[in-house]
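Chemist: Chains as they are written, first to last, in this note's numbering: chain C, 3 to 213; chain F, 3 to 213; chain A, 3 to 213; chain S, 3 to 213.
Just dropping this structure here.
There are 4 protein chains.
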Amino acid sequence: MLAPRKRRKEARPAELLEAALGLFVEKGFTATRLEDVAARAGVSKGTLYLYFENKDALFKAVIQEGIIPVIAENEAIAARHTGCSFALLEILLDNWWSKIGQTAFAGIPKLMVAEARNFPDLARFYYEHVISRGRGLVGFALRRGMESGEFRSMDVETTIDVIIAPILMLLIWRYSMSCCQNSESDPQLYLRIHMDLLRQGLRKTENETQV
Amino acid sequence: MLAPRKRRKEARPAELLEAALGLFVEKGFTATRLEDVAARAGVSKGTLYLYFENKDALFKAVIQEGIIPVIAENEAIAARHTGCSFALLEILLDNWWSKIGQTAFAGIPKLMVAEARNFPDLARFYYEHVISRGRGLVGFALRRGMESGEFRSMDVETTIDVIIAPILMLLIWRYSMSCCQNSESDPQLYLRIHMDLLRQGLRKTENETQV
Amino acid sequence: MLAPRKRRKEARPAELLEAALGLFVEKGFTATRLEDVAARAGVSKGTLYLYFENKDALFKAVIQEGIIPVIAENEAIAARHTGCSFALLEILLDNWWSKIGQTAFAGIPKLMVAEARNFPDLARFYYEHVISRGRGLVGFALRRGMESGEFRSMDVETTIDVIIAPILMLLIWRYSMSCCQNSESDPQLYLRIHMDLLRQGLRKTENETQV
Amino acid sequence: MLAPRKRRKEARPAELLEAALGLFVEKGFTATRLEDVAARAGVSKGTLYLYFENKDALFKAVIQEGIIPVIAENEAIAARHTGCSFALLEILLDNWWSKIGQTAFAGIPKLMVAEARNFPDLARFYYEHVISRGRGLVGFALRRGMESGEFRSMDVETTIDVIIAPILMLLIWRYSMSCCQNSESDPQLYLRIHMDLLRQGLRKTENETQV
DNA sequence: AATGAATGAGGCTTCATTCAT
DNA sequence: AATGAATGAAGCCTCATTCAT
C-alpha cells in the first residue's frame, strides 16, 4: 500500500477531472471558474496549471476520460446478442441508462451540445469516439431487425437519429430547462413510452409500404 | 417618401433584433457582445440601449418577436382543426418547420439549452411563453386522438416530451455537432421517419394494452 | 397679456433652473441627469443646451440666481435695527429661516459644501456673494453687542463661525444623513435651543475673563 | 526578517485603505476611481479586489478601521470618568480632535454629507456605527450633568445636535469652502470659543426657566 | 427655437493566467 | 510539486454632449 502522500499526487489529475466535470455540467464551460474547480478538488488555483495547460485542455480531458468505456461495453453486448433485435435495443438502452444516465456523466451531452461550436476539434473527437460508435450500435440492431423481418425497412442512418434523439433530450433537458418545470418528470416512464412507441412503430405489418 | 432619419428610427428595433438573433445563435448568449450586435446593425453601442433596457431584455425581445407569433398561429390552427388528430400533428409540425426550422430562429432551442442554467430568468421566460404553450399544442392533439379512439391511451404529459424530443434534437444538432458529420443529413427525411414511427406507434390496435 | 407661447419661451430658463435646483439638491450634482432636469422642466434634453452651455454652467446659474436677494434684505434689517443686539440676531435668523430654511433653497448649503472642491470658481462666487455677506451680518450684531456691553468680548471672526455652524448644519443634515434617523427632529426646537445657549453663552457676566 | 513578498501581503490592506481614504476625501466617493486607489497603493486594479469585495466594502473598511476605534475609545473614557460633566465633554472633544480632526479622517464627515443621499447603504452604516454612538456619548455627558445639577434641563436629543454641529462644520468647512478664505482660521481658537459658549450656556443659573 | 436619436468615453467588476516563493 | 498574490484584458452599462431635422 502506497503512502498517502504518494497516493494523493497520483490521484490529483483524476480528482481535478471529477471536480471539473461536476462544475462544467452544473454551470457550463464559460461560467465555471477555475478557482472553484481547484477548490472543489482541494488544491490551489496554481496547482491546476501543473496538470492542465489551460481551461480548454481541462475541458477536453474531462470529455475524453469520461464516457468511452461504456460504449465499448455495449459493443461487446451487441456482438454476442442472440435474441430478437428489439430486445437488443432495450438491453443497450438499459445498460447505457445505468452507466451514463444515472451518473455524473449524464451531464456530458448537454455540455457537448452547448460547447461544440467553440471546441470544433473536441467536437470531432467526441463525434468519432462516442457518437459515431453509439450510432453504430443502434444501426447494428436496426439492420439486424430489418434483415430478419422483425422491423420494416427504413432509411437506417436517419432512423438512428430519430431513435437516439429522445434519449439524448432526456439528459439534455435534465441539465437545462428542467429547473423551470414544477412537476418532476419520471425518466423511467419517459423511456418506457419511447420504447413502446418504437416497438409498435418499427414493427413490420401486413400492408407494408416502403419508406 | 419618408426622411431617412425617420425611416431608420422605425427600422432600428427590427434591425437590432435580427443582428442579435444572428449573434446569439452563432456564439451563445454570454459570448455575444452587445457592441458586436450594435455593429452588425450598423449603430453604436449606446444606441442599442435606446431600444432595449439591457442584454436580457434584448434576448426576450428576440423570442417575443420571433417565436411567440408562431406558437400563437399554431394555437389558432389547432382550435379550428376538424380532421383526424394525427393530421393535426402533421400540420402543426409543417408550420413550425417552415416558420422556425427553416429560419434563423432554428438556433434558439440550442441556445436556450446551453444557457438555461446560467440565466434562470430567461429560461423561465422561454419556458412559460414557448415550451409550455408548445407542449400544450401537442397535448391537445394527443388527448383529442385518444378521446376519439384514434390513438391508444398513454400518459399524455410524458408522451408529449417523447414526441417533441426528436424535433428539438434536429435543431439542436444542427447548431452543435452537425459540423462533424461528413454526410449532410436530410431534415425532411428525418421528420418524415419521425412522423412515420409515430403514426404507427400511436395508433390504437386490436389487442390494446393500457400503458 | 402675452401669448402663452411667448410667455413659455421667456420662462424657460427659470423653469429649467427650478428643475435643476430640485434635482441637484435631491441627488447631488454628479448624480443628477440632465435628461431628468429637462423632463422635470417639461422640455427635451436638447433644449437645455440652448440655454446653458453645459452641466457646469447650469449648476453655476442655479447657485447664482438662488440666494442673494435674501442676504440683501437682511442687510437692510440690520442697518435700521435699534433694539438690543441679541434681538437682532434673532430677527435675522427668523427671516433667514422663513426665506431660505423653509424653501427649496434650503438645499443649497449642502450642495455647495459637496461640490465646492469641484467648482473652485463657483465656490469663490458663493463665498463672496453669500457667505462673506452673511458672516458680515452676524459680525455686525456681535460687535454691536460687545461695544454696548451686552456681550462679553470674544474673537469676532471665529465666534461668527461658531454661531453660524449649527444653522448650516441643520440644513446640511436635512439633505444628507436625515434619511437614517427614525425620529423626526424638530427644527424649531433645534433653533430655539441654539439661541438659548447663545443668549446665556454670549452674555457678559460679573467676573468676566477675557478670551 | 520576513520575505518581501510576505511583508507586502500583510501590509496591503492598510496601504489600500490609506490610499482610499486619501482619494475619497479628496474627490468624493463617486469621483474616486478604484484604479486610482490601486495605483496610489502601488498595485493594479485587480489586486484591490483580493482584499475588498467592492467599492462599498472598501469605504466601509475605511470607516471601520479609522473612525470606529476612536468612538470605542471615547466610550471607554466616558464610562470611567469621575470628574464634572463639562470636563468630560472637553476630554472627549480633545481626544476626537487629536485622533480624527488632525488626521486624514477629518475629511470623512464632508464625504458622508456629500454622498449620503446617493448611497443610503453607506449612510446607514455610518449613522449606526459612528453618528449614533457619537451622539450617545454627548448625550451621556449631558444627562449626567443635568442629573447632578451642573447643567440646566434641556431637551437632550436636540441639544446633542446643537453641540455637535459646530464641531462637524469645522471639518466640513475645511474640506469644502475653506479654499476661498484668505485668512486661515484657527481651529484651536474655534473649538475653545465653542466650548466657552457652551460652558456658560449649559450652566444652571439661579433663576432657571425650563426649556 | 425645439427635438430626440445617436454617439462613445469611462468606471466597476470578473477571472484566466503568470510567477515569485 | 504546490501556493496564492498579482495582473490586466474584456464586457456591461450610463450619460453628457452633438447634430440633423
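Don't be surprised by glycine CBs; every beta carbon is placed ideally from N, CA and C.
1. In terms of residue numbering, what span does the alpha helix (DSSP H) encompassing residue 196 of chain S cover?
2. If you measure between the beta carbons of residue 18 of chain A and residue 41 of chain A, is that distance less than 8 Å?
3. Alpha carbons only, please: which of F:78, F:23 and F:32 is nearest the one belonging to residue 66 of chain F?
4. Closer than 8 Å, CB to CB, is residue 7 of chain F near chain C or not?
5. Identify the contact partners of residue 164 of chain C in chain F, using a Cβ-Cβ distance below 8 Å as the criterion.
6. By the 10 Å Cβ neighbour count, where 16 or more other Cβ atoms means buried, how is residue 163 of chain C classified, buried or exposed?
7. Is there a C-beta anywhere in chain A that falls below 8 Å from the one on residue 19 of chain S?
8. For residue 153 of chain C, which residues does DSSP report across the bridge?
9. Who are the Cβ neighbours of residue 116 of chain F in its own chain at under 7 Å, not counting the five residues just before and after it?
10. Within the same chain, show all residues whose beta-carbon is closer than 7 Å to that of residue 106 of chain S, passing over the 5 residues directly before and after it, in chain order.
11. So which residues on chain A does residue 33 of chain S lean against when the C-beta distance must stay under 8 Å?
12. At a CB distance below 9 Å, what residues from the region 169-181 of chain F approach chain C? Give them in sequence order.
13. When you check each C-beta in the region 125-140 of chain F against every C-beta of chain C, which residues fall closer than 7 Å?
14. Scan the region 53-93 of chain A and note each continuous beta strand (DSSP E) run of 3 residues or more that stays entirely inside, going in chain order.
15. Can you pull the chain S residues whose beta carbon is under 7 Å from the beta carbon of residue 29 of chain A, in chain order?
16. What number of angstroms, rounded off, separates the C-alpha of residue 92 of chain A from the C-alpha of residue 55 of chain F?
17. Once you ignore the five residues that flank residue 69 of chain S on each side, which residues in its own chain have a CB closer than 7 Å to its CB?
18. I'd like the span of the alpha helix (DSSP H) that includes residue 128 of chain F, first residue to last.
19. Cβ of residue 188 of chain S less than 8 Å from any chain A Cβ?
20. Assign residue 71 of chain A to buried or exposed, taking buried as 16 or more other Cβ atoms, counted over all protein chains shown, within 10 Å of its Cβ.
21. Using 8 Å as the cut-off, can you tell me whether the region 153-170 of chain S makes contact with the region 193-200 of chain S, which would need three or more C-beta pairs spanning the two stretches below that distance?
22. So that I know if they touch, is there some Cβ in chain A lying closer than 8 Å to that of residue 106 of chain S?
23. Suppose you measure from the CA of residue 215 of chain A to the CA of residue 33 of chain C; what does that come to, to the nearest Å?
24. Please tell me whether residue 187 of chain C and residue 119 of chain F are closer than 8 Å, where the distance is taken between their beta carbons.
25. If we call anything under 8 Å between Cβ atoms a contact, is residue 137 of chain C one with residue 204 of chain C?
26. Report the three-state DSSP secondary structure of residue 145 of chain F (helix, strand or coil).
27. Under DSSP, the alpha helix (DSSP H) around residue 42 of chain A begins and ends at which residues?
28. Give the secondary structure of residue 184 of chain A by DSSP, where H, G and I count as helix, E and B as strand, and everything else as coil.
29. Run down chain S in chain order and give the residues with a C-beta less than 7 Å from the C-beta of residue 202 of chain A.
30. Does the distance from the C-beta atom of residue 79 of chain A to that of residue 94 of chain A stay below 8 Å?
31. Please name the residue, chosen from A:135, A:130, A:170 and A:161, that lies closest to residue 145 of chain A on a Cα-to-Cα basis.
32. Do you know whose CA, among F:207, F:73 and F:190, lies nearest residue 128 of chain F's CA?
33. Considering only the alpha carbon of each residue, which of A:59, A:39 and A:142 lies closest to residue 76 of chain A?
34. List the whole-angstrom C-beta distance separating residue 181 of chain F from residue 63 of chain C, where the pair is believed to meet the contact cut-off of C-beta under 8 Å.
35. Which value, in whole angstroms, describes the spacing of the CA atoms of residue 8 of chain A and residue 14 of chain A?
Modeler: With the given structure in hand:
1. Note, residue 196 of chain S: alpha helix (DSSP H), 189-204.
2. No, the Cβ-Cβ distance between residue 18 of chain A and residue 41 of chain A is not below 8 Å.
3. Among F:78, F:23 and F:32, the Cα nearest to that of residue 66 of chain F belongs to F:23.
4. Unreliable placement is indicated for residue 7 of chain F, whose pLDDT of 47 sits below 50; the coordinate value is still reported in the next sentence. Chain C has no Cβ within less than 8 Å of the Cβ of residue 7 of chain F.
5. What residue 164 of chain C touches in chain F: 168, 192, 195, 196 and 199.
6. Buried.
7. No, no contact with chain A.
8. As DSSP reads the structure, residue 153 of chain C sits in a beta bridge with C:205.
9. Closer than 7 Å at the Cβ level, and outside the excluded window around residue 116 of chain F, lie 30.
10. Only 23, 24 and 27 meet the Cβ criterion.
11. Under the 8 Å cutoff, chain A gives 32 and 120.
12. Answer in chain order: 169, 170, 171, 172, 174, 175, 177, 178, 179, 180 and 181.
13. Hits within the stretch, in order: 125, 126, 129 and 133.
14. DSSP assignment within the region 53-93 of chain A yields no whole beta strand (DSSP E) run of 3 residues or more.
15. Under the 7 Å cutoff, chain S gives 119 and 120.
16. So the alpha carbons of these two residues sit roughly 54 Å apart.
17. These residues qualify, in order along the chain: 102, 107, 110 and 132.
18. Residue 128 of chain F -> alpha helix (DSSP H) spans 122-128.
19. It does; some Cβ of chain A falls within 8 Å.
20. Under this definition residue 71 of chain A is an exposed residue.
21. Segments in contact, yes.
22. Not closer than 8 Å to any Cβ of chain A, the Cβ of residue 106 of chain S fails to qualify, so no.
23. Outside the shown range of chain A (3 to 213) lies residue 215 of chain A, about which nothing can therefore be said.
24. Taking a C-beta distance under 8 Å as the contact criterion, residue 187 of chain C and residue 119 of chain F do not qualify as a contact pair.
25. No, they are not a contact pair.
26. Residue 145 of chain F: helix per DSSP, three-state reduction.
27. Judged by DSSP secondary structure, residue 42 of chain A falls within the alpha helix (DSSP H) whose first and last residues are 36-43.
28. DSSP places residue 184 of chain A in the coil class of the three-state scheme, outside both helix and strand.
29. For residue 202 of chain A, the C-beta contacts it makes with chain S under 7 Å involve 202 and 203, in order along the chain.
30. Yes.
31. The shortest Cα separation from residue 145 of chain A among A:135, A:130, A:170 and A:161 belongs to A:161.
32. Looking at the Cα atoms, F:73 is the closest of the given residues.
33. Residue A:142 is the option with its Cα nearest to residue 76 of chain A.
34. Taking C-beta atoms under 8 Å as the contact rule, residue 181 of chain F and residue 63 of chain C fail to qualify, at a distance of about 22 Å.
35. Bear in mind that the predicted position of residue 8 of chain A carries a pLDDT of just 48, short of 50, making it unreliable; the figure below should be weighed with that in mind. Computed Cα separation, rounded: 10 Å.
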